[in-house]
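A.B. asks:
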Amino acid sequence: MTHTPRRLALLAVVVLAAVAFSVSFGASGLGPGDLWRALSGDGDPTARAILLQLRLPRAALAALVGGALGLSGCTFQALLRNPLAEPYVLGVSGGAAVGAVAVVVTGLGVMLPWTLPLGAFIGAVAAMALVLGVARRASPGRMDTRVLILSGVIIGAFFNAMILLMLSVAYVESFRSAIFWMMGNLSGADWGSTTLLAALLVPAGAAVLSLARAFNLLSRGEEVAHYLGASVQRVKLTAYLAASLMVAAAVAAAGVIGFVGLIVPHAVRLAWGNDHRMLLPASFLAGTAFLLVADTVARLVVAPAELPTGVVTAVAGVPFFVALLIRGGRR
Amino acid sequence: MRDVSLAVTPGGLLAVVGPNGAGKTTLLRLLTGSLSPQEGEVRLEDRLLDELGDRERAQALAVVPQSESSPFPVTVREMVAMGRYAHLGPWERTGAHDRTMVERALQRCAVAGLADRQIGELSGGERQRARIARALAQEAPILLLDEPTAGLDLRYRMELFHLLRELRAEGLGVLVITHDLNLAARFADRLLLLDRGRATARGAPAEVLSREVLEAVYEWPLRLIAHPGPGRDTGAPQTIPLRRDDP
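Going line by line, the protein sequences match chains A and B.
So the numbering used here is basically just the index in the first sequence, starting at one, shifted up by 70.
So the numbering used here is basically just the index in the second sequence, starting at one, shifted up by 914.
#1: With DSSP run on the structure shown, which of helix, strand or coil describes P75(A)?
#2: Leaving out five residues on either side along the sequence, give the residues of the same chain with a beta carbon under 6 Å from the beta carbon of L267(A).
#3: Is the shortest distance between the beta-carbon of F1168(B) and the beta-carbons of chain A less than 9 Å?
#4: If we ignore side chains and look at the alpha-carbon of each, how far apart do L131(A) and M915(B) end up?
#5: Leaving aside the five residues before and after G193(A) along the sequence, list all residues of the same chain whose C-beta is less than 6 Å from its C-beta, in chain order.
#6: With 9 Å as the threshold, decide whether the Cβ of S314(A) is near any Cβ in chain B.
#7: Just to check my reading of the structure: G254(A) and G161(A) have Cβ atoms closer than 8 Å, yes? What is that Cβ distance to the nearest angstrom?
#8: Specify the secondary structure class of Q1154(B) as computed by DSSP and reduced to three states.
#9: Determine which residues of the segment 324-345 of chain A have a Cβ less than 9 Å from any Cβ of chain B, and write them out in chain order.
#10: Assess contact between the segment 1033-1051 of chain B and the segment 991-1000 of chain B, defined as three or more Cβ pairs (one per stretch) separated by less than 8 Å. Is contact present?
#11: What's the C-alpha gap between E293(A) and G1117(B)?
#12: Is P153(A) close to chain B? Criterion is C-beta to C-beta, closer than 9 Å.
#13: Going by DSSP in three states, D1147(B) sits in which element: helix, strand or coil?
#14: Within 10 angstroms of the Cβ of G136(A), are there 16 or more other Cβ atoms? Answer buried if so, exposed if not.
#15: Write down every uninterrupted run of the alpha helix (DSSP H) in the segment 1053-1127 of chain B whose length is 4 residues or greater and which is fully enclosed by it, in chain order.
#16: Under DSSP, the alpha helix (DSSP H) around R991(B) begins and ends at which residues?
#17: What is the DSSP secondary structure of A97(A), counted as helix, strand or coil?
#18: Chain A partners of T1063(B), CB-CB under 7 Å?
#19: Do you know offhand how far G258(A)'s Cα is from T264(A)'s?
#20: Kindly indicate which three-state DSSP category A921(B) falls into: helix, strand or coil?
#21: I396(A) by DSSP, collapsed to three states: which one?
#22: Run through chain B and tell me which residues come within less than 9 Å of A300(A), C-beta to C-beta.
#23: Residues of chain B with CB under 7 Å from V294(A), in chain order?
#24: For the segment 1005-1031 of chain B, which residues have a beta carbon sitting closer than 8 Å to at least one beta carbon of chain A?
#25: Looking at C-alpha atoms only, which residue of V388(A), A386(A), G387(A) and D365(A) is the closest neighbour of L377(A)?
#26: Determine the burial state of R1158(B): buried for a count of at least 16 other Cβ atoms within 10 Å of its Cβ, exposed for fewer.
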């Protein structure tokens, strides 16, 4: 615990470097020099517009989405006492995407922009309840890791089908939107969506961080947590709702981006241990840096076109997930 | 459970014994607020257990459950520090007093030298001592332990009961649920014998442990012999089960 402030400061520096990296590259070919002149006011107006209207909001959105996914992944792992739990794997992101798409195809999202994260939130909570319900019935008494992941994957597949169904009925140009919701994409970034995401993230993140000690207790089991003085049911309910809200806000802004919540907390755990007072804020910061880099890679590899960001995180995340699954099975 | 009454008093060591399924675990869950009694009541000092908040309860009552595991390894010190939860608000930083209590608990249970090791690397006996240290860090006047000697070898079992005896001498009220009739007879001040949800006998070990009662409760032939000594336990009743068909 004594190392925590130093470690978080180190991560904050990494985040700043990732922001600088992300802002410095893009399809327009403007380099760091042009951008610096634009910032200091004597560059040309186009460079300034590209920086302020395109690259900065996109970096801000990538940072917040990455942070939200890292923090919510860490929360789900603590709640389910399962290192493989993650919003994408659990189907929570898929549920949020169904809710968001439903709001979009009914036209509500255009009239009332705040209904988008609301729909995503309802979808995320419903998905969580559904996946946990199935897993409980399939392995009564104890929640088996593999059963939990299997139900998450199957329900996630069902959600993907629902999204395709809704989009194919509603839109002519549905294919691009489907890609957006199912694979995750930060290209829609603007200051409006970023601000809305930040506004939802602050209370939800604060609620989760206030439970850091309780998560330490819960990771020893609910019985132990009760004996040590945690109000187990209240902690679980608060954490599920807050984590679902974070996932919903992230999905509403950027579609489904998988595996951030898996890779990021794991890397932090391996490096610095499992004290949630360090782990939760570190997962937020590391998630921020990770998605900034992943999104920059997504924009660069096939420039001037770009990949969906979710493709990059999945390419990095799937081998990671498989390795963890194999290691967990051996233990 | 019915007709069970018991009191855990400061400076006393009460052992709850009885066969599997006698209700020992149910009793523990009633005493720790995991279950509410349908009739009767559990009181801490003069307040009903149900009326206490989770933190208040944990400040008064520390529990060492039978077993626990975690997918996320922590160090011994991190685990013992969890005992301070009930004394800390959500945004409160760990203070000097908290750290003192953690270090004292580590030393009290002889795991200070292992403080930076991971729990999973410890032997069964060391792990059990670390879990007791976590309960001591709670600063609760009452300590409940659920079969703390399960899976431990002879030396660790003796060490553990010695530790409980010392904690009792320091003024703690200790309740230990155990299958070990012989160690209970030597170390406990009082025994409570449970059978099918009822208290069959209660009192000093020599009063509770009689051949007739134990044979009826465990449904097995046995004999009691006096501990041969030397030492303080000389004469304590020790239970020897017989073979099934021997006379």
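C-beta atoms are modelled at their ideal positions from N, C-alpha and C, and glycine is treated no differently.
Keep in mind it's a predicted model, so treat the numbers as computed, not measured.
C.D. replies: In short, the structure shows the following:
#1: By 1-based counting over the first sequence, the position of residue 75(A) is 5. Note: P75(A) maps to helix in three-state DSSP.
#2: The sequence position of residue 267(A) within the first sequence is 197, counting from 1. Within the same chain, L267(A) has close Cβ partners L134, A319 and A323.
#3: Within the shown structure, residues of chain B are numbered from 915 to 1161, placing residue 1168(B) beyond reach of any answer.
#4: The residue labelled residue 131(A) in the question sits at position 61 within the first sequence. The residue labelled residue 915(B) in the question sits at position 1 within the second sequence. So the two alpha carbons sit approximately 58 Å from each other.
#5: To locate residue 193(A), count along the first sequence from 1; it is residue 123. G165, A166, V168 and G169, listed in sequence order.
#6: Counted from its first residue, the first sequence places residue 314(A) at position 244. Not one chain B Cβ lies under 9 Å of S314(A).
#7: Within the first sequence, residue 254(A) is the residue found at index 184, counting from 1. Within the first sequence, residue 161(A) is the residue found at index 91, counting from 1. Wrong, their Cβ atoms sit about 15 Å apart, outside the cutoff.
#8: For this step, residue 1154(B) is matched to residue 240 along the second sequence. It should be pointed out that residue 1154(B) corresponds to Ile in this sequence rather than to Gln. I1154(B) falls in the strand class under three-state DSSP.
#9: R339, G343, N344 and D345
#10: yes
#11: The count along the first sequence starts at 1 and reaches residue 293(A) at position 223. The count along the second sequence starts at 1 and reaches residue 1117(B) at position 203. C-alpha separation (whole angstroms): 30 Å.
#12: The residue you call residue 153(A) lines up with position 83 of the first sequence. Yes, because at least one Cβ of chain B sits closer than 9 Å to the Cβ of P153(A).
#13: Here residue 1147(B) corresponds to residue number 233 of the second sequence, with the count starting at 1. Here DSSP, grouped into helix, strand and coil, assigns D1147(B) to coil.
#14: Start at 1 with the first residue of the first sequence, and residue 136(A) comes out as number 66. Classification of G136(A): buried, given that the 10 Å Cβ count is 16 or more.
#15: 1068-1083, 1095-1101 and 1119-1122
#16: Mapped onto the second sequence, residue 991(B) falls at position 77. Unbroken alpha helix (DSSP H) run through R991(B): V990 to A995.
#17: Walking along the first sequence from the start, residue 97(A) turns up at place 27. DSSP places A97(A) in coil when its eight states are reduced to three.
#18: What you label residue 1063(B) is simply residue 149 of the second sequence in a count that begins at 1. Going along chain A, no residue has its Cβ under 7 Å from T1063(B), so there is no contact; the nearest lies around 19 Å.
#19: By 1-based counting over the first sequence, the position of residue 258(A) is 188. By 1-based counting over the first sequence, the position of residue 264(A) is 194. Each residue's Cα considered, the two are about 10 Å apart.
#20: What you label residue 921(B) is simply residue 7 of the second sequence in a count that begins at 1. Of the three classes helix, strand and coil, the one that applies to A921(B) here is coil, per DSSP.
#21: As a working mapping, residue 396(A) is identified with position 326 in the first sequence. Of the three classes helix, strand and coil, the one that applies to I396(A) here is helix, per DSSP.
#22: Position 230 of the first sequence, counted from the first residue, corresponds to residue 300(A). Residues of chain B passing the Cβ test: D968, R969, A972, Y999 and A1000.
#23: Looking up residue 294(A) in the first sequence gives position 224. What V294(A) touches in chain B: P979 and E982.
#24: Here the close residues are W1005 and T1008.
#25: Stepping through the first sequence from its first residue, residue 377(A) is reached at position 307. If we check each option's Cα against that of L377(A), D365(A) comes out closest.
#26: Along the second sequence, read from residue 1 onward, the residue named residue 1158(B) stands at position 244. Classification of R1158(B): exposed, given that the 10 Å Cβ count is below 16.
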